[in-house]
Amino acid sequence: MHILPKLALAVGASLMSLAAAVPALAQADPSAIIRIGSLYEPQNLDNTAGAGQGINEAFNDNVYEALFRLNDDGSVEPVLAADHTVSEDGLTHTFTLREGVTFHSGDPLTAADVKHSIERVTAEDSKSSRKHSLATITGVEAPDDRTVVVTLSSRSISLPYNLSYVWIVNDAAQDISASEDGTGPYVLDNWKRGSAISLKAFDDYWGEAPKNGGAVFTYFTEAAALDNALLTDALDIVTSIQSPDALAQFEDTDRYTISEGKSTVKEIMAYNDRVAPFDNVKVRKALARAIDKQKLLQAIWGDRGMVLGSFVPPTDPWYEDLTGVDPYDPESAKALLAEAGLGDGFTFTLDTPNYDPHPITAEFIKAELARIGVTVNINIITSNEWYTKIYQAHDFQATLQEHVNHRDIVFYGNPDFYWGYDNPEVTRLIEEAEQAETEAAQTEKLREANRIIAEDAASNWLFLFPQIVIADADVTGYPVNGLNSQFFLRDIQKTN
Amino acid sequence: MTRYLLRRTLVLALSLIAAGLVLFVLLRLLPGDPAAALLGVGADEAQIAAARKQVGSDQPVPVQLLHFLSDLARFDLGRSFVSNQSVLPEILTRLTITLPLTLLSFLLALALALPLGIIAAVRADRWYGAAISGLSQLGLAVPVFWVGILLVWLVAVEWRLLPASGFPISGWADPVAAIRALVLPVVTIAIVMGASLMRYVRSATLDVLGADYLRNARALGETRAGALIRHGIRNGAVPVISVLGIELASTLLGAVVVERVFALPGLGSMLLLGIQQRDYPSVQGVLLVSTLLVLLIGFAADIAQRLIDPRLRDPAGRAR
Numbered sequence: 001m002h003i004l005p006k007l008a009l010a011v012g013a014s015l016m017s018l019a020a021a022v023p024a025l026a027q028a029d030p031s032a033i034i035r036i037g038s039l040y041e042p043q044n045l046d047n048t049a050g051a052g053q054g055i056n057e058a059f060n061d062n063v064y065e066a067l068f069r070l071n072d073d074g075s076v077e078p079v080l081a082a083d084h085t086v087s088e089d090g091l092t093h094t095f096t097l098r099e100g101v102t103f104h105s106g107d108p109l110t111a112a113d114v115k116h117s118i119e120r121v122t123a124e125d126s127k128s129s130r131k132h133s134l135a136t137i138t139g140v141e142a143p144d145d146r147t148v149v150v151t152l153s154s155r156s157i158s159l160p161y162n163l164s165y166v167w168i169v170n171d172a173a174q175d176i177s178a179s180e181d182g183t184g185p186y187v188l189d190n191w192k193r194g195s196a197i198s199l200k201a202f203d204d205y206w207g208e209a210p211k212n213g214g215a216v217f218t219y220f221t222e223a224a225a226l227d228n229a230l231l232t233d234a235l236d237i238v239t240s241i242q243s244p245d246a247l248a249q250f251e252d253t254d255r256y257t258i259s260e261g262k263s264t265v266k267e268i269m270a271y272n273d274r275v276a277p278f279d280n281v282k283v284r285k286a287l288a289r290a291i292d293k294q295k296l297l298q299a300i301w302g303d304r305g306m307v308l309g310s311f312v313p314p315t316d317p318w319y320e321d322l323t324g325v326d327p328y329d330p331e332s333a334k335a336l337l338a339e340a341g342l343g344d345g346f347t348f349t350l351d352t353p354n355y356d357p358h359p360i361t362a363e364f365i366k367a368e369l370a371r372i373g374v375t376v377n378i379n380i381i382t383s384n385e386w387y388t389k390i391y392q393a394h395d396f397q398a399t400l401q402e403h404v405n406h407r408d409i410v411f412y413g414n415p416d417f418y419w420g421y422d423n424p425e426v427t428r429l430i431e432e433a434e435q436a437e438t439e440a441a442q443t444e445k446l447r448e449a450n451r452i453i454a455e456d457a458a459s460n461w462l463f464l465f466p467q468i469v470i471a472d473a474d475v476t477g478y479p480v481n482g483l484n485s486q487f488f489l490r491d492i493q494k495t496n
Numbered sequence: 001m002t003r004y005l006l007r008r009t010l011v012l013a014l015s016l017i018a019a020g021l022v023l024f025v026l027l028r029l030l031p032g033d034p035a036a037a038l039l040g041v042g043a044d045e046a047q048i049a050a051a052r053k054q055v056g057s058d059q060p061v062p063v064q065l066l067h068f069l070s071d072l073a074r075f076d077l078g079r080s081f082v083s084n085q086s087v088l089p090e091i092l093t094r095l096t097i098t099l100p101l102t103l104l105s106f107l108l109a110l111a112l113a114l115p116l117g118i119i120a121a122v123r124a125d126r127w128y129g130a131a132i133s134g135l136s137q138l139g140l141a142v143p144v145f146w147v148g149i150l151l152v153w154l155v156a157v158e159w160r161l162l163p164a165s166g167f168p169i170s171g172w173a174d175p176v177a178a179i180r181a182l183v184l185p186v187v188t189i190a191i192v193m194g195a196s197l198m199r200y201v202r203s204a205t206l207d208v209l210g211a212d213y214l215r216n217a218r219a220l221g222e223t224r225a226g227a228l229i230r231h232g233i234r235n236g237a238v239p240v241i242s243v244l245g246i247e248l249a250s251t252l253l254g255a256v257v258v259e260r261v262f263a264l265p266g267l268g269s270m271l272l273l274g275i276q277q278r279d280y281p282s283v284q285g286v287l288l289v290s291t292l293l294v295l296l297i298g299f300a301a302d303i304a305q306r307l308i309d310p311r312l313r314d315p316a317g318r319a320r
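Residue numbers (UniProt numbering), protein chains in the order written: chain A, 1 to 496; chain B, 1 to 320.
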């Protein structure tokens with residue numbers, strides 16, 4: 001009776017929905033919410049308050065923008081700065097702001113906001129890790145609404161790069177550790193501490209609209225739980241995989257894309273270069289040659305990651321392959337030790353943070369060095385002990401640590417840094433590089449400094465971690481290198 | 001009973017204050033500087049000093065203690081060193097996950113343990129009674145995280161029936177999603193907790209079965225089942241209730257493992273993170289609130305026992 005027409009209707013409807021679904025197969029959905037899994041939960045929403053790398057991942061260039069942006073390939077480009085001029089003596093930088101930019105609250109962007117934002121980072125009581133790199137700033141002025149003038153005590157070629165970390169915050173915003181008012185393509189939608197942050201597209205964004213409707217960052221403390229969430233389709237993408245063991249589950253390339261980018265995370269064995277025998281360059285070079293780093297990397301990361309000959313990763317402009325300076329060569333390592341008067345070997349304590357991959361790396365080093373007669377006592381410590389004993393008190397012989405920052409060769413120019421490397425030539429080159437007039441000159445100086453550091457075997461650079469992102473096969477447009485933990489959202493697309 | 005309640009409430013308040021003091025002192029005895037932990041590599045002494053000032057760890061310990069106590073008197077658990085947010089609202093939010101998780105697990109464990117425990121005792125001579133006993137032994141032996149991982153692999157990853165981890169960002173606004181997120185963790189805890197409860201129920205029932213009053217009841221014409229239901233359960237319940245209290249309390253505190261396996265943002269994960277970050281106010285807050293809950297559970301168990309067993313209420317009786 002009524003069944004037939006109903007059936008016809010149902011068939012018609014399903015045919016129609018099928019027809020609608022066919023073109024959608026190949027098309028990106030601009031309103032899709034990208035579900036992202038991460039191990040780095042921000043502890044508050046202000047990157048100048050010791051919030052950890054998670055806040056950069058979620059907010060840099062997504063919620064807050066800066067005068068400049070550090071792109072995923074390591075290049076720097078202007079964002080809120082439409083124009084940038086430098087005075088003859090290099091001490092006055094004038095920035096003209098882009099027109100038509102508004103904060104999420106609706107307030108227009110003015111020079112006063114930029115002044116406020118820079119001063120927030122350089123303030124006396126600022127806890128920003130970037131305070132040091134902006135120490136040459138002596139004043140910030142806002143002569144009119146569109147112009148910001150920054151004066152320096154000495155030339156700083158890295159100023160645009162360093163400003164890429166300075167979020168431009170509305171000067172009228174109150175406490176930004178729990179809320180936000182930025183100019184980026186996304187606004188904070190919801191923040192559930194301990195669990196997730198959701199962002200949605202900002203309708204009045206000055207630039208091109210993002211290719212998705214928003215994103216939810218879900219945070220995990222257990223890598224296995226993160227992997228399971230991706231396996232059960234509760235996530236679209238995982239920002240970085242910390243253990244290669246997990247990769248086998250995602251090798252079905254129809255379902256997942258595994259991308260390997262260049263990270264800036266360097267696993268190193270740092271010596272205390274102030275104390276014997278590590279004050280002797282021959283001993284340091286001997287240890288560098290005694291460890292088969294390729295084998296170590298293979299053991300930890302399989303075919304991924306890369307061996308480094310120095311502290312500089314390939315995304316730094318002054319990168320150079322220096323693996324040939326102290327290649328794996330246990331025989332010459334023994335000879336160098338003998339030259340240093342330690343032909344019978346010696347014993348040292350390796351302070352090893354208690355989390356991956358340090359303990360296994362320490363065991364490997366211990367086995368390798370035993371072959372040249374050097375005995376390693378592994379001392380497992382917590383990261384907190386690492387800060388107080390090693391970083392603050394310099395009370396150690398050698399330690400393992402992962403250094404995560406981009407462009408951090410400058411640490412070798414600071415004789416007071418925890419590893420105590422003190423080469424006036426390097427300090428001078430690093431200072432001069434900063435005061436260079438062109439980027440080419442800066443790059444040349446830092447290459448030179450890098451070569452000296454490598455020749456000195458200042459530390460033992462073991463390997464560069466790979467940056468592994470796993471995504472559902474229907475998701476594209478995400479950053480693969482994740483420099484400084486950034487995770488740009490605007491180009492991510494999801495097809496249904 | 002009223003005097004007893006008043007006295008118990010006073011003891012509860014004093015225990016809480018004592019626990020707070022012990023916690024405060026113990027946390028400060030731990031090595032490590034919360035300010036340095038907050039800032040990480042790259043921070044200089046001036047920045048660390050500024051951070052110490054901000055979190056108040058530059059003050060002498062007695063002054064910090066005074067602040068802590070005066071805040072506590074106003075039910076203020078302080079502000080997190082790390083997030084600079086008030087600790088109490090966060091604890092309350094996280095309790096909306098941990099409390100349902102604990103209570104539902106407890107109820108499910110009870111629903112499993114009571115009938116199975118009684119059957120295992122009454123039918124101890126049959127094969128299924130022995131089988132139930134054996135299973136409960138097995139349940140006792142496996143670690144809770146292993147049960148969790150197994151369930152995730154089977155139910156979530158292989159069968160795709162339930163989510164493997166996480167909790168909806170909207171919380172309980174979507175009750176179906178929230179419940180779905182809790183099913184696997186609840187089952188995980190209930191399996192392990194139910195196994196241990198079952199052992200207690202079984203042995204309490206065995207005790208009761210051998211008791212004189214039950215033989216008397218049988219002699220007066222009651223059936224075995226009738227005697228057990230009318231007299232046995234009531235008598236057996238008294239020791240079981242104190243075990244239940246202890247189990248409930250330890251589940252609340254032990255939820256941290258399960259919360260980690262299932263990535264649930266509950267009280268346990270807050271505690272763990274707080275410890276890692278030397279975030280004293282968070283750790284203090286979580287431990288104080290859990291202490292309060294454990295004390296309340298003990299309190300409730302005591303009252304329940306007194307209601308069931310009149311001898312405990314009688315001043316001339318066994319207890320007081």
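All C-beta atoms in this analysis are idealised placements derived from N, C-alpha and C, irrespective of residue type, glycine included.
None of these values were measured; they are calculated from a predicted model.
For residue i, does the three-state DSSP call read helix, strand or coil?
i, result
"P23 of chain A", "Residue confidence for P23 of chain A is low, a pLDDT of 46 falling below 50, so the modelled location carries little weight; the figure read from the coordinates is stated next. The answer is helix: DSSP assigns P23 of chain A an H, G or I state."
"S269 of chain B", "helix"
"E141 of chain A", "strand"
"D71 of chain B", "helix"
"A18 of chain B", "helix"
"E444 of chain A", "helix"
"G56 of chain B", "coil"
"H84 of chain A", "strand"
"A50 of chain B", "helix"
"N384 of chain A", "helix"
"H358 of chain A", "helix"
"G148 of chain B", "helix"
"P239 of chain B", "helix"
"D302 of chain B", "helix"
Looking at residue j and residue i, is the spacing between their C-beta atoms short of 8 Å?
i, j, result
"G261 of chain A", "V480 of chain A", "yes"
"A225 of chain A", "S83 of chain B", "no"
"P330 of chain A", "T264 of chain A", "no"
"L369 of chain A", "V283 of chain A", "no"
"R79 of chain B", "S86 of chain B", "yes"
"A66 of chain A", "L163 of chain A", "yes"
"V294 of chain B", "A249 of chain B", "yes"
"R199 of chain B", "L140 of chain B", "yes"
"I381 of chain A", "K366 of chain A", "no"
"A288 of chain A", "A457 of chain A", "yes"
"V157 of chain B", "T232 of chain A", "yes"
"A215 of chain A", "I55 of chain A", "no"
My understanding is that residue i touches residue j, with C-beta atoms under 8 Å, so please give their C-beta distance in whole angstroms.
i, j, result
"A246 of chain A", "A223 of chain A", "7 Å"
"I176 of chain A", "L80 of chain A", "About 17 Å separates the two Cβ atoms, so there is no contact after all."
"T102 of chain B", "T251 of chain B", "5 Å"
"V307 of chain A", "Q294 of chain A", "6 Å"
Return the bridge partner residues of residue i from the DSSP annotation.
i, result
"H93 of chain A", "A:V86, A:V150"
"M306 of chain A", "A:L464"
"E267 of chain A", "A:E402, A:F463"
"R69 of chain A", "A:E77"
"F348 of chain A", "A:V376"
Legend entry - Touching by the beta-carbon criterion (3+ pairs, under 8 Å), the region 59-77 of chain A and the region 484-494 of chain A: yes
Inset, instruction - Please determine if the region 179-189 of chain A and the region 83-90 of chain A are in contact, where contact requires at least 3 C-beta pairs separated by less than 8 Å. - result: no
Inset, instruction - May I ask you to verify whether the region 379-391 of chain A touches the region 421-441 of chain A, counting CB pairs closer than 8 Å and requiring at least 3? - result: no
Inset, instruction - For the region 205-218 of chain A and the region 138-148 of chain A, state whether three or more C-beta atom pairs, one from each stretch, are separated by less than 8 Å. - result: no
Legend entry - Stretch pair the region 234-244 of chain B + the region 141-159 of chain B: three plus CB contacts closer than 8 Å: no
Legend entry - Contact the region 232-239 of chain B vs the region 208-216 of chain B: 3+ CB pairs below 8 Å: yes
Inset, instruction - Count the C-beta pairs between the region 251-267 of chain B and the region 89-102 of chain B that are closer than 8 Å, then say yes if the count reaches three, no if not. - result: yes
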